[in-house]
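**Student:**
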Amino acid sequence: MSSLPFQDRPTNILIIDDEEPIRNLLSAILSSYYVCQTASSAEEALKALATKKFELVVSDIDMGGMSGLEFVPRLHSLYPDTVVVMISGNQDIESAIEAMRVGAFDYITKPLDLRHVEAAVERALHHHVLLREKRQYKEQMEQLLEERTAEVDRLAYYDTVTQLPNRSLFEDRLAQSVAIAKSSDQNLGVLFISLDQFKKVNDTLGHAPGDSLLKEFAERLKSCISETDTVARFGSDEFVLLQTNIKGTKDVIETIRSLSQVLKFPFDLDGQELFATASVGVSLFPLDGEDSQNLLKNAGAALYKAKRSGGSNYQFYTADMHDLASRRLAMETSLRRAIQNEEFLVYYQPRICVDTLEVTGVEALVRWQHPQLGLIAPSEFIPLAEDTGLIVPIGEWVLRTACLQNKRWQDQGFAPLQMAVNICARQFHDQDLAQTIIRILDETNLAPKYLELELTESSIMQNAEFAAETLSGLKSMGMKISIDDFGTGYSSLASLKRLPIDALKIDKSFVSDATTDPDDASLVMAIITLAHNLRLKVIAEGVETEEQLQFLNLLRCDEIQGYLFSKPVPAEDLVALLDSHSVSLPTKILQANESS
Ligand code: C2E
Ligand code: MG
Ligand code: MG
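Position in the sequence shown (first residue = 1) + 125 = this note's numbering.
Shown next, in the form of structure tokens:
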């Protein structure tokens, strides 16, 4: 008998025959190559099969009790790969066909011929190998398919960063929950949640810490919900939570409380500690919507309101909320028209040197003279202009108007002033910014040293390398650069050291509390000291009271800007201030300056 492909492990053969001499004969022939076991009936064979698997079964057909033909299907229900060779005293072809029909692989007849037995066993075992390999291949394929399907499902229904369900899966679950709630008279809560300032974190710290924040935030969100609730990520900083079977608003508020509790602890973003807050908009089923689309839309409108109120708060949906969204749309349309119709104005707010008490410069601040709504403050339309890109043409117009005005004052004989113009992130990252500025300076004939660009920390930190290069280019032309609203971003003074900057403007929120809040007082003090060490000029924004002025004077703050001296005013109103050369400061301060 040639060697069989079972060299690595023993091959087990079960021999079943009610005649002992045949069992013994077969066993004697096959035992030198294989591990053989015998059984005198099909019933005994089934007992043996209960504990052991055989590659091959050589079985008689007629055995008294269960026949070989009845036995084969039972064997194959246990072990589909086990191959059967039938032995029979019948020489007729019908018996052979019958044996094959029930699943036997081969058929040999008595009296047994040694060579026939060996050849049949060898063929049967080869067939077993084929069967086994085919089955293994099929199983591997099935497993692979299962894994692929799971992966496709995961990609289609789960967010890859947080592993939370995505919008599709959430919408499915919401629709199902709405159907169940309808039939069982239950209430649902849909909480649209947004991580405040996420874009800023992503822009300043980079995407990896941004992703860490999202993952950790998702984990904390999950800890606030019960098993029947669903939390999903819709994209960027937006998460949605479905709270099922609620009694009323109290249950939703309870969840929001848990959320604010878990946000009390700082996030560890690859070594950087950060505190995060979230805004939440809530809609309730059936009160605020009868279907999933309306519930989501209304929770979104409530979130928009929560964000507009400064973030870190929650809002329940009310019917007037969509007015806000439609106002925004209307504003976008009229903002486009405003550019063509030249509806913008520039106001100027003076900056005063603390030492000389003279107006050293002005900040150009845009306003929108809306034909119906009147004068609109920049905080109302600059964010929209940034989102839509309209800030680029608006900003260019402000730059040109401000430079032209500055040159006009110089031509009128006033002492030259520094003209500060705000440049937001979108403008700063516009490829053509430097070219535009050069063209405007050229057109207006203003020397570059009289133009100062005010940038925020976040627009610089979005891409520090790009910022360093762009700022160096602008500075080499002679312009001044200052950092606006300093203290509200995430940058450190150390990171600013590497950038070609001339001045820092301390944000008005710190200035306004510096005389009442010791923390803000020490912060202002620290900023001034460190900035001076870095040879940067310091300008305090939003000075409104004499106390603030006195405090800043003591700290040797260089320049001051605020309502105490003047609100932003039209160019013609500023002339009066320039005429007098120095502003009339409160007497106490004047005395303090004279005596120092
Ligand atoms: P900002 O650059 O920090 O400008 C200072 C803001 O503080 C101005 O608000 C000014 O009116 C206000 N302010 C000045 N002194 C005081 C004070 O004593 N008390 C208080 N409470 N506020 C004071 P405004 O004009 O509403 O501008 C708001 C922001 O809009 C500006 O903040 C700036 O970021 C942006 N902005 C204004 N004009 C432009 C522009 O032409 N282009 C761009 N990109 N942004 C602009
Ligand atoms: Mg500014
Ligand atoms: Mg500012």
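The C-beta atom is built at its ideal place from N, Cα and C for all residues, glycine as well.
So what's residue 411 in DSSP terms, helix, strand or just coil?
**Tutor:** The residue you call residue 411 lines up with position 286 of the sequence shown. Three-state result, residue 411: coil.
**Student:** So who's on the other strand from residue 469, going by DSSP bridges?
**Tutor:** The count along the sequence shown starts at 1 and reaches residue 469 at position 344. Bridge partners of residue 469: 493.
**Student:** Since residue 607 contacts residue 577 with CB under 8 Å, what's their CB separation in whole angstroms?
**Tutor:** The residue given as residue 607 occupies position 482 in the sequence shown. The residue given as residue 577 occupies position 452 in the sequence shown. The Cβ separation is near 6 Å, so the contact holds.
**Student:** Regarding residue 531 and ligand 2, is the C-beta to nearest heavy atom distance less than 7 Å?
**Tutor:** For this step, residue 531 is matched to residue 406 along the sequence shown. No, the beta carbon of residue 531 sits no closer than 7 Å to any heavy atom of ligand 2.
**Student:** With a threshold of 7 Å (Cβ to nearest heavy atom), would residue 627 be considered close to ligand 4?
**Tutor:** Ligands in the displayed structure: ligand 1, ligand 2 and ligand 3; ligand 4 is not one of them.
**Student:** At a threshold of 7 Å, does residue 511 count as lining ligand 2 (C-beta to nearest heavy atom)?
**Tutor:** Taking the sequence shown and counting its residues from 1, the one referred to as residue 511 is at position 386. Outside the cutoff, so no.
**Student:** In the DSSP assignment, find the beta strand (DSSP E) that holds residue 161 and state where it starts and stops.
**Tutor:** Here residue 161 refers to the residue found at position 36 of the sequence shown. Here the beta strand (DSSP E) through residue 161 covers 160-164.
**Student:** Please report the straight-line C-alpha distance between residue 387 and residue 341, rounded to a whole angstrom.
**Tutor:** Position 262 of the sequence shown, counted from the start, is the residue given in the question as residue 387. Position 216 of the sequence shown, counted from the start, is the residue given in the question as residue 341. The alpha-carbon atoms of residue 387 and residue 341 are separated by roughly 11 Å.
**Student:** For my contact list, residue 186 and residue 220 are in at a C-beta cut-off of 8 Å; report their separation, rounded to the angstrom.
**Tutor:** Position 61 of the sequence shown, counting from 1, holds the residue named residue 186. Position 95 of the sequence shown, counting from 1, holds the residue named residue 220. Yes, residue 186 and residue 220 are in contact; Cβ-Cβ is about 7 Å, under 8 Å.
**Student:** Identify whether residue 299 lies in helix, strand or coil by the three-state DSSP scheme.
**Tutor:** As a first step, residue 299 must be located in the sequence shown, where it is residue number 174. The answer is helix: DSSP assigns residue 299 an H, G or I state.
**Student:** Considering only heavy atoms of ligand 2 and the C-beta of each residue, which residues fall inside 6 Å, strictly closer?
**Tutor:** Qualifying residues, in the order they occur: 488, 547, 579, 609.
**Student:** Please return the same chain residues whose Cβ sits closer than 8 Å to the Cβ of residue 554, not counting the five positions on each side in sequence.
**Tutor:** Position 429 of the sequence shown holds residue 554. Excluding residues within five positions, the ones whose Cβ falls inside 8 Å are 584, 587, 588, 591.
**Student:** Have a look at residue 308 and residue 270 and give me their C-alpha separation to the nearest angstrom.
**Tutor:** Locating residue 308 in the sequence shown gives position 183, counting from the first residue. Locating residue 270 in the sequence shown gives position 145, counting from the first residue. Taking the straight line from one Cα to the other gives about 38 Å.
**Student:** Between residue 482 and residue 625, what straight-line distance do the alpha-carbon atoms span, to the nearest angstrom?
**Tutor:** Taking the first residue of the sequence shown as 1, we reach residue 482 at position 357. Taking the first residue of the sequence shown as 1, we reach residue 625 at position 500. C-alpha separation (whole angstroms): 27 Å.
**Student:** Ordered along the chain, which non-local residues of its own chain (more than five positions away) have a Cβ less than 6 Å from that of residue 311?
**Tutor:** One-based indexing of the sequence shown puts residue 311 at position 186. So the qualifying residues of the chain are 370.
**Student:** So, does the segment 329-349 touch the segment 447-462, judging by three or more C-beta pairs under 8 Å?
**Tutor:** The answer is no - the segment 447-462 does not touch the segment 329-349, with fewer than three Cβ pairs under 8 Å.
**Student:** Closer than 7 Å by C-beta to residue 570: which residues in its own chain qualify, once you throw out the five before and the five after it? Chain order, please.
**Tutor:** Looking up residue 570 in the sequence shown gives position 445. Cβ neighbours of residue 570 beyond the five flanking positions: 532.
**Student:** If you drop the 5 nearest sequence neighbours on each side, which residues of the same chain put their C-beta closer than 6 Å to that of residue 286?
**Tutor:** Here the question's residue 286 lines up with position 161 in the sequence shown. The residues are 336, 339.
**Student:** Among 392, 385, 443, whose alpha-carbon lies nearest the alpha-carbon of residue 413?
**Tutor:** The sequence position of residue 413 within the sequence shown is 288, counting from 1. Per the Cα distances, 443.
**Student:** Going by Cα to Cα distance, which pick from 162, 351, 260 is closest to residue 205?
**Tutor:** By one-based count along the sequence shown, residue 205 stands at place 80. Per the Cα distances, 260.
**Student:** Buried or exposed for residue 400, going by 16 or more other Cβ atoms inside 10 Å?
**Tutor:** Numbered from its first residue, the sequence shown carries residue 400 at position 275. Exposed: under 16 other Cβ atoms inside 10 Å.
**Student:** Three-state secondary structure (DSSP) at residue 577?
**Tutor:** Reading the sequence shown from its first residue, position 452 is the one you call residue 577. Residue 577 falls in the strand class under three-state DSSP.
**Student:** Using only the alpha-carbon positions, how far apart do residue 544 and residue 524 sit?
**Tutor:** Within the sequence shown, residue 544 is the residue found at index 419, counting from 1. Within the sequence shown, residue 524 is the residue found at index 399, counting from 1. Cα to Cα, the separation comes out at about 10 Å.
**Student:** Just mark residue 658 as buried or exposed, buried being the case when its beta carbon has 16 or more other beta carbons within 10 Å.
**Tutor:** In the sequence shown, residue 658 corresponds to position 533, counting from 1. Exposed.
**Student:** When DSSP labels each residue in this structure, what does residue 373 get in the three-state scheme?
**Tutor:** Counted from its first residue, the sequence shown places residue 373 at position 248. It is coil, neither helix nor strand.
**Student:** Could you name each continuous alpha helix (DSSP H) segment of 4 residues or more that falls completely within the segment 522-592, going from the start of the chain to the end?
**Tutor:** Runs found: 550-553, 558-569, 582-586.
**Student:** I'd like to check one pair, residue 639 with residue 673: are the Cβ atoms closer than 8 Å?
**Tutor:** The residue you call residue 673 lines up with position 548 of the sequence shown. The residue you call residue 639 lines up with position 514 of the sequence shown. Contact: yes.
**Student:** Go ahead and pull the three-state DSSP assignment for residue 669.
**Tutor:** On the sequence shown, residue 669 is found 544 positions in, with the first residue counted as 1. DSSP places residue 669 in coil when its eight states are reduced to three.
**Student:** Measure the beta-carbon distance from residue 511 to residue 478 and round it to whole angstroms, keeping in mind my assumption that it falls under 8 Å.
**Tutor:** Start at 1 with the first residue of the sequence shown, and residue 511 comes out as number 386. Start at 1 with the first residue of the sequence shown, and residue 478 comes out as number 353. Not confirmed; about 32 Å, so no contact.
**Student:** Helix, strand or coil, according to DSSP, for residue 676 in the structure here?
**Tutor:** Taking the first residue of the sequence shown as position 1, residue 676 is located at position 551. Residue 676 falls in the helix class under three-state DSSP.
**Student:** Just how far apart, CA to CA, sit residue 713 and residue 676?
**Tutor:** Position 588 of the sequence shown, counted from the start, is the residue given in the question as residue 713. Position 551 of the sequence shown, counted from the start, is the residue given in the question as residue 676. Confidence at residue 713 is low in this model, with a pLDDT of 40, below 50, so its placement is unreliable and the value that follows should be read with caution. Their Cα atoms are separated by approximately 12 Å.
**Student:** Just list the alpha helix (DSSP H) runs in the segment 179-256, keeping only unbroken ones of 4 residues or longer that don't cross its boundaries, in chain order.
**Tutor:** Entirely contained in the segment 179-256, the alpha helix (DSSP H) runs reaching 4 residues are, in chain order, 193-203, 218-226.
**Student:** For the pair the segment 315-322 and the segment 354-373, tell me if three or more CB-CB distances fall below 8 Å.
**Tutor:** Yes, the segment 315-322 touches the segment 354-373.
**Student:** Within the present structure, is the beta-carbon of residue 507 separated from the nearest heavy atom of ligand 1 by less than 7 Å?
**Tutor:** Taking the first residue of the sequence shown as position 1, residue 507 is located at position 382. Within the cutoff, so yes.
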